[in-house]
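Novice:
Residue numbers (the numbering used here): 512 to 892.
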């Protein structure tokens, strides 16, 4: 069976869905691998590196996809590339299915069996293939590095003959995978760190990393986590309490790192314009939720802007893509693990049992039909 690895075409996307390491292991399953020319260049992987691992280099997407039974990509391929995917082929990528209502029906009509890796259930068996976790971990690390670069003072306390440089005060909003990594990285760099999250389990996680917990604790906060481990959307009354606490906390900090996301929804606005106005000049806001609308009211997706009072707001798209070598390595391993977990050695092909919890969570379309419960027409209505 042929597996095609596509080159990413979005401006901010620097990652690739396979590496020489995973190519070798996939060939070990009996697959032939076709990599579109230039697919790995922005992740520092040359075509020669892929060839040395045993892959064929295809001159374009159409050549890579010709006869392919499996397609690996980072982002959902554009309609032009999807048109070249053979019917009944298995497409494995970050589908972004909630962003375009027409996408899933179009995939079914094209006869493409689609796996949305971002929809993996948060269960133990799926941890090694969890792309959201692997990429968020790197995004949290990168957020602190870029905050430090944009901050005009210093991160750790430094005592010199000329005087003392005070440590930076960092406030992390959201203590999921990205937030926890941001806390750990900022602590390692010598900052004084505090953090908040609506989920009750986050309090001990934040404190275990040496940060101070800041949060509203009431009955609603006790039920702020879904069964799948994601943050639940909160009531207006809770958000008002949270806003009052955020306003006073944000004004005391030099750097605010925003990581709050709600699966399938616009990111909640937590840092309002008045809160930004209350920060000191030279402070930094890093918004990892920029692509989903942003946690900061003044974030501009894809840009770094400076507010009227001199606060720098970093709203880059695709934060994991800003550390492409590490992000590609982890993402490629996630995809390889998914495929090998459901590989039928006897048939030499993937086998996705419909009753399996992981399969039910990630398969959007199969055999020309929409099969995921969240995207079937009756459910949508």
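Just so you know, even glycine gets a beta-carbon here, dropped at the ideal spot from N, CA and C. Quick caveat, the model's predicted, so the values are computed rather than measured.
1) Just how far apart, CA to CA, sit residue 726 and residue 652?
2) Since residue 513 sits in a beta bridge, which residues does DSSP pair it with?
3) What would DSSP say about residue 691, mapped onto helix, strand or coil?
4) Return the first residue and the last residue of the beta strand (DSSP E) that residue 680 is part of.
5) Look up residue 810 in the DSSP assignment and say whether it is helix, strand or coil.
6) For residue 748 and residue 693, what's the separation of their Cα atoms in angstroms?
7) Can you look up residue 891 in the DSSP assignment and give me helix, strand or coil?
8) Determine which residues share a DSSP beta bridge with residue 696 and list them.
9) Counting only the same chain and skipping the five closest in sequence on each side, list residues whose C-beta sits under 8 angstroms from that of residue 848.
10) Following the continuous beta strand (DSSP E) through residue 825, name the residue where it begins and the one where it ends.
11) Hey, out of 762, 870, 772 and 803, whose CA is closest to residue 820's CA?
12) Compare the Cα-Cα distances from residue 857 to each of 535, 541 and 527 and report the closest residue.
13) Would you tell me roughly how many angstroms separate the C-alpha atoms of residue 624 and residue 631, rounded to the nearest one?
14) Out of 883, 771, 835 and 836, point me to the one whose CA is closest to residue 870's CA.
15) If you pair each beta-carbon of the segment 656–673 with each one of the segment 755–769, do three or more pairs fall below 8 angstroms?
16) Could you say which of 803, 876, 757 and 532 lies nearest to residue 777 if we only look at CA atoms?
17) Between the Cα of residue 608 and those of 775, 878, 709 and 806, spot the shortest distance and give me the residue it belongs to.
18) In the structure shown, what three-state DSSP assignment does residue 798 receive?
19) Only counting the same chain, and skipping five residues up and downstream in sequence, which positions put a Cβ closer than 8 angstroms to that of residue 939?
20) Excluding sequence positions up to five away, which residues of its chain have a Cβ less than 8 angstroms from the Cβ of residue 840?
21) Can you tell me the Cα-Cα spacing of residue 788 and residue 655, whole angstroms?
22) Would you list, in sequence order, the uninterrupted alpha helix (DSSP H) runs of no fewer than 4 residues that lie entirely inside the segment 593–670?
23) How many angstroms separate the CA atom of residue 812 from the CA atom of residue 782?
24) Does the distance from the C-beta atom of residue 512 to that of residue 565 stay below 8 angstroms?
25) Quick check on the burial criterion: 16 or more other C-beta atoms within 10 angstroms. Buried or exposed for residue 708?
26) Are the CB atoms of residue 855 and residue 861 within a distance shorter than 8 angstroms?
27) Rounded C-beta distance between residue 635 and residue 687? I'm assuming under 8 angstroms.
28) Which residues share a DSSP beta bridge with residue 567?
29) Skipping 5 residues on each side, what residues in its chain have a beta carbon closer than 7 angstroms to that of residue 835?
30) Verify whether the separation of the beta carbon atoms of residue 615 and residue 628 is less than 8 angstroms.
31) Which same chain residues, not among the five before or five after residue 724, have their C-beta less than 6 angstroms away from its C-beta?
32) Leaving out five residues on either side along the sequence, give the residues of the same chain with a beta carbon under 7 angstroms from the beta carbon of residue 833.
33) Within this structure, are the beta carbons of residue 646 and residue 838 separated by less than 8 angstroms?
34) Name the two residues that bound the continuous alpha helix (DSSP H) containing residue 815.
35) Helix or strand or just coil, what does DSSP make of residue 868?
36) Just verifying my parser: in three-state terms, what is the DSSP assignment at residue 766?
Specialist: If we stick to the structure as given:
1) Taking the chain shown and counting its residues from 1, one reaches residue 726 at position 215. Taking the chain shown and counting its residues from 1, one reaches residue 652 at position 141. Taking the straight line joining both Cα atoms gives about 23 angstroms.
2) As a position in the chain shown, residue 513 is number 2, starting the count at 1. DSSP, once it has assigned bridges, lists 543 as partnering residue 513.
3) As a position in the chain shown, residue 691 is number 180, starting the count at 1. Residue 691 falls in the helix class under three-state DSSP.
4) The count along the chain shown starts at 1 and reaches residue 680 at position 169. Where residue 680 is concerned, the enclosing beta strand (DSSP E) stretches over 680–684.
5) As a first step, residue 810 is located in the chain shown; it is residue number 299 there, counting from the start. Correct three-state label for residue 810: coil.
6) Working through the chain shown from its first residue, we reach residue 748 at position 237. Working through the chain shown from its first residue, we reach residue 693 at position 182. C-alpha separation (whole angstroms): 28 angstroms.
7) Here residue 891 corresponds to residue number 380 of the chain shown, with the count starting at 1. Annotation note: pLDDT 44 at residue 891 (below 50); position unreliable, no value reported.
8) By 1-based counting over the chain shown, the position of residue 696 is 185. Its beta-bridge partners do not exist; DSSP assigns none.
9) Translated into positions along the chain shown, residue 848 becomes position 337. Cβ neighbours of residue 848 beyond the five flanking positions: 639 and 640.
10) One-based indexing of the chain shown puts residue 825 at position 314. Per DSSP, residue 825 belongs to the beta strand (DSSP E) from 823–825.
11) Translated into positions along the chain shown, residue 820 becomes position 309. Residue 762 is the option with its Cα nearest to residue 820.
12) Taking the chain shown and counting its residues from 1, one reaches residue 857 at position 346. The option with the nearest alpha carbon to residue 857 is 541.
13) Numbered from 1 along the chain shown, position 113 holds the residue referred to as residue 624. Numbered from 1 along the chain shown, position 120 holds the residue referred to as residue 631. Their Cα atoms are separated by approximately 16 angstroms.
14) Mapped onto the chain shown, residue 870 falls at position 359. That would be 883, whose Cα lies nearest to the Cα of residue 870.
15) yes
16) As a working note, residue 777 is residue 266 in the chain shown. The candidate whose alpha carbon is nearest that of residue 777 is 803.
17) If you number the chain shown from 1, residue 608 lands on position 97. Closest option to residue 608, Cα to Cα, is 775.
18) Within the chain shown, numbered from 1, the residue matching residue 798 stands at position 287. Residue 798: strand per DSSP, three-state reduction.
19) Residue 939 is absent from the structure shown; the chain starts at 512 and stops at 892.
20) Residue mapping note: residue 840 aligns to position 329 of the chain shown, counting from 1. Only 530 and 532 meet the Cβ criterion.
21) Taking the first residue of the chain shown as 1, we reach residue 788 at position 277. Taking the first residue of the chain shown as 1, we reach residue 655 at position 144. Going from the Cα of residue 788 to the Cα of residue 655 covers about 22 angstroms.
22) 614–620 and 642–661
23) In the chain shown, residue 812 corresponds to position 301, counting from 1. In the chain shown, residue 782 corresponds to position 271, counting from 1. In a straight line, the C-alpha of residue 812 is about 15 angstroms away from that of residue 782.
24) In the chain shown, counting from the first residue as 1, residue 512 sits at position 1. In the chain shown, counting from the first residue as 1, residue 565 sits at position 54. Cβ atoms of residue 512 and residue 565: not closer than 8 angstroms.
25) Along the chain shown, read from residue 1 onward, the residue named residue 708 stands at position 197. By the 10 Å Cβ count, residue 708 comes out buried.
26) As a working note, residue 861 is residue 350 in the chain shown. As a working note, residue 855 is residue 344 in the chain shown. Yes, Cβ-Cβ distance for residue 861 and residue 855 is below 8 angstroms.
27) Residue mapping note: residue 635 aligns to position 124 of the chain shown, counting from 1. Residue mapping note: residue 687 aligns to position 176 of the chain shown, counting from 1. Contact doesn't hold; Cβ gap of about 17 angstroms is too wide.
28) Here residue 567 refers to the residue found at position 56 of the chain shown. In the DSSP output, where bridge partners are listed per residue, residue 567 has 545.
29) Working through the chain shown from its first residue, we reach residue 835 at position 324. Closer than 7 angstroms at the Cβ level, and outside the excluded window around residue 835, lie 525, 526, 553 and 554.
30) If you number the chain shown from 1, residue 615 lands on position 104. If you number the chain shown from 1, residue 628 lands on position 117. No, the pair does not count as a contact, with Cβ atoms beyond the cut-off.
31) As a first step, residue 724 must be located in the chain shown, where it is residue number 213. These residues qualify, in order along the chain: 714, 717 and 718.
32) In the chain shown, residue 833 corresponds to position 322, counting from 1. If we look at residue 833 and ignore the five residues flanking it on each side, its Cβ neighbours are 653 and 827.
33) As a position in the chain shown, residue 646 is number 135, starting the count at 1. As a position in the chain shown, residue 838 is number 327, starting the count at 1. Their beta carbons are under 8 angstroms apart, which means residue 646 touches residue 838 by this criterion.
34) Taking the chain shown and counting its residues from 1, one reaches residue 815 at position 304. Residue 815 -> not in any alpha helix (DSSP H); beta strand (DSSP E) instead, spanning 815–817.
35) Walking along the chain shown from the start, residue 868 turns up at place 357. Residue 868 falls in the helix class under three-state DSSP.
36) Sequence index remark: in the chain shown, residue 766 carries index 255 (1-based). It is a strand residue.
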